[in-house]
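>
In the working numbering, the protein residues as written are 48 to 360.
1. Between which two residues does the alpha helix (DSSP H) holding residue 232 run?
2. What are the boundary residues of the alpha helix (DSSP H) that includes residue 293?
3. May I have the straight-line CA-CA distance separating residue 326 from residue 227, to the nearest angstrom?
4. I need the boundaries of the beta strand (DSSP E) containing residue 180, first residue and last residue.
5. Taking the alpha carbon of residue 195 as the point to measure from, which residue in 85, 263, 143, 115 has its own alpha carbon closest?
6. For my contact list, residue 297 and residue 279 are in at a C-beta cut-off of 8 Å; report their separation, rounded to the angstrom.
7. What did DSSP end up calling residue 345 once you bin it into helix, strand or coil?
8. Should residue 204 and residue 174 be called a contact, given that it needs their Cβ atoms to be closer than 9 Å?
9. Near residue 315, which residues of its chain fall below 7 Å by C-beta distance, leaving aside the five closest residues on each side in sequence?
10. Ends of the beta strand (DSSP E) at residue 360?
11. What residues match up with residue 60 in a beta bridge as DSSP calls it?
12. Alpha carbon to alpha carbon, what distance is there between residue 303 and residue 337?
13. Counting along the chain, where does the beta strand (DSSP E) carrying residue 155 start and finish?
14. With distances taken Cα to Cα, identify the nearest neighbour of residue 339 among 231, 182, 170.
15. How big is the Cα-Cα spacing for residue 248 and residue 230?
16. Mind reading off the beta-carbon distance from residue 98 to residue 72? Whole number of angstroms is fine, and I expect it under 8 Å.
17. Here's a check: name, in chain order, each residue in its chain whose Cβ is nearer than 7 Å to the Cβ of residue 135, leaving out the five neighbours to either side.
18. For a test of the three-state rule: what should DSSP assign to residue 135, helix, strand or coil?
19. Can you say whether residue 308 is buried or exposed, counting buried as having 16 or more other CB atoms within 10 angstroms of its CB?
20. Please report the straight-line C-alpha distance between residue 48 and residue 164, rounded to a whole angstrom.
21. Would you grab the beta carbon distance between residue 356 and residue 323 for me? Rounded to a whole angstrom, and I think it's under 8 Å.
22. Which residues mark the beginning and the end of the alpha helix (DSSP H) in which residue 113 is found?
23. In terms of alpha-carbon separation, which member of 176, 199, 185 lies closest to residue 191?
24. Throw me the rounded Cβ distance for the residue 52 and residue 349 pair, which I believe falls under 8 Å.
25. Helix, strand or coil: how does DSSP classify residue 217 here?
26. Along the chain, where does the beta strand (DSSP E) that runs through residue 128 open and close?
27. First and last residue of the beta strand (DSSP E) that includes residue 194?
Pasting the structure below:
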C-alpha cells in the first residue's frame with residue numbers, strides 16, 4: 048500500500064491507496080498557509096497518523112508516501128518554489144522521512160495527475176501520453192515509455208510556461224507569451240475584458256456580468272459560444288489558436304499516443320475535443336498520425352492516486 052498527499056492551496060487531501068490505484072480511505076484538512084511551512088508539514092503528519100489509525104494498519108504496511116505540490120521540487124525533496132503556499136527552498140522530504148521512516152517522493156501536482164490518468168484513467172494502456180490541465184493556469188503530466196517525466200530539475204513538464212507568442216500582459220512567472228496567458232481560464236477572462244475595454248460590444252456578457260455581481264469568469268464566456276455571441280467566439284478562437292500551437296510543439300517533441308484534457312475548461316466536454324482536432328488537422332501532414340484526444344477521467348481523486356503511486360516509479 049501507499050499514502051498519497053494532494054497538497055493544495057486550499058486543502059490538504061490524503062489517502063491510503065492500493066497497488067492498483069484504488070483509494071481505501073481518505074481524509075483532509077485546510078491548508079494553513081499563513082501559519083508557515085512547519086505548520087503545514089505537521090498537518091501532513093497528523094493526516095497520515097489519522098489514516099493509519101482509522102485504517103487499522105501499521106507504518107510498515109506502506110511502501111512509500113507520495114506528495115503532489117502546486118510547484119517545483121528537486122530530487123532531494125526540497126520545494127524550490129511554490130507560489131500558492133508562499134514557499135521557497137522548503138525541505139519537505141527529509142522531515143517526513145525522518146518522522147515516518149518511510150520513503151517520501153514529491154512531484155508537481157500536474158505530473159501526479161498524469162500518473163493517476165496512466166494508472167486508472169484516460170492514459171491507461173498507453174506507453175506515451177500527456178495530461179493537459181486547463182484551469183486557472185495550464186499544467187501537464189507527461190508519461191514517456193510508461194514513466195512520468197519531469198526532467199533533470201523537475202521543470203520538464205512546465206508546459207504552461209511554453210512561450211508561444213507575444214501577449215498584451217505578462218505571466219506571473221515574469222515572462223511574456225506563456226501559453227497559459229493565452230489558453231487558460233485566466234487568459235480567456237483577461238482577453239474578454241480587454242475586448243470589452245477596447246469597445247467591442249456584447250449584450251450577452253453585459254447581462255451576465257450584472258447577474259454575476261460585476262464579475263466575469265471563463266464558464267460564462269464559454270457558455271456564450273452556444274448563443275453565438277461574437278465577442279465570446281472571438282475569445283474562443285484565440286484560445287484554440289494558441290492551444291493548438293502549443294500542442295503541435297508538444298507532439299513534435301514527445302509524440303504522445305494520447306492527450307487527455309482536464310481542468311475546468313475541459314467541462315466543455317466533447318466540443319472541446321472536436322474543435323481541437325479540427326484545428327490540429329489543418330495543414331497537418333496526413334501521413335503522420337494525430338494523437339488520440341480524450342477527456343480526463345480521474346477528476347478530484349487524481350491528486351491522491353497519482354501522488355501515492357509516485358513510489359512505484
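Glycine included, C-beta positions come from ideal geometry on N, C-alpha and C. Being a predicted model, the structure only gives us computed values, none of them experimental.
A quick look at the data gives this:
1. 232-244 is the extent of the alpha helix (DSSP H) around residue 232.
2. Per DSSP, the unbroken alpha helix (DSSP H) holding residue 293 starts and ends at 277-301.
3. The alpha-carbon atoms of residue 326 and residue 227 are separated by roughly 18 Å.
4. Its beta strand (DSSP E) spans residues 176-181.
5. Nearest in C-alpha terms to residue 195, of all of 85, 263, 143, 115, is 115.
6. Actually they are not in contact, since the Cβ atoms of residue 297 and residue 279 sit about 27 Å apart, beyond 8 Å.
7. Looking at residue 345 - three-state DSSP - the assignment turns out to be coil, as it is neither helix nor strand.
8. Not closer than 9 Å, so no.
9. Excluding sequence positions up to five before and after residue 315, its CB lies within less than 7 Å of the CB of 269, all in the same chain and listed in chain order.
10. Under the DSSP assignment, residue 360 falls outside any beta strand (DSSP E); it carries neither an H nor an E label.
11. Bridge pairing for residue 60: 53, 75 [DSSP].
12. Distance between the alpha carbons of residue 337 and residue 303: 9 Å.
13. Bounds of the beta strand (DSSP E) holding residue 155 are 151-155.
14. Out of 231, 182, 170, 170 has the C-alpha closest to the C-alpha of residue 339.
15. Pairing residue 248 with residue 230, the inter-Cα distance amounts to about 22 Å.
16. Rounded, the Cβ-Cβ distance is 6 Å, consistent with contact.
17. Within the same chain, and ignoring the five residues on either side of residue 135 in sequence, the residues whose Cβ sits closer than 7 Å to its Cβ are 128.
18. In this structure, residue 135 counts as strand in the three-state DSSP scheme.
19. Residue 308 comes out buried.
20. Those two C-alpha atoms are separated by around 19 Å.
21. So it is not a contact: roughly 28 Å between Cβ atoms.
22. Careful: residue 113 lies outside any alpha helix (DSSP H), inside the beta strand (DSSP E) at 111-116.
23. Taking only the C-alpha atoms, the option nearest residue 191 is 176.
24. Not quite, the Cβ-Cβ distance comes to about 13 Å (not below 8 Å), so this is no contact.
25. Strand at residue 217.
26. Unbroken beta strand (DSSP E) run through residue 128: 125-129.
27. That run of the beta strand (DSSP E) goes 194-196.
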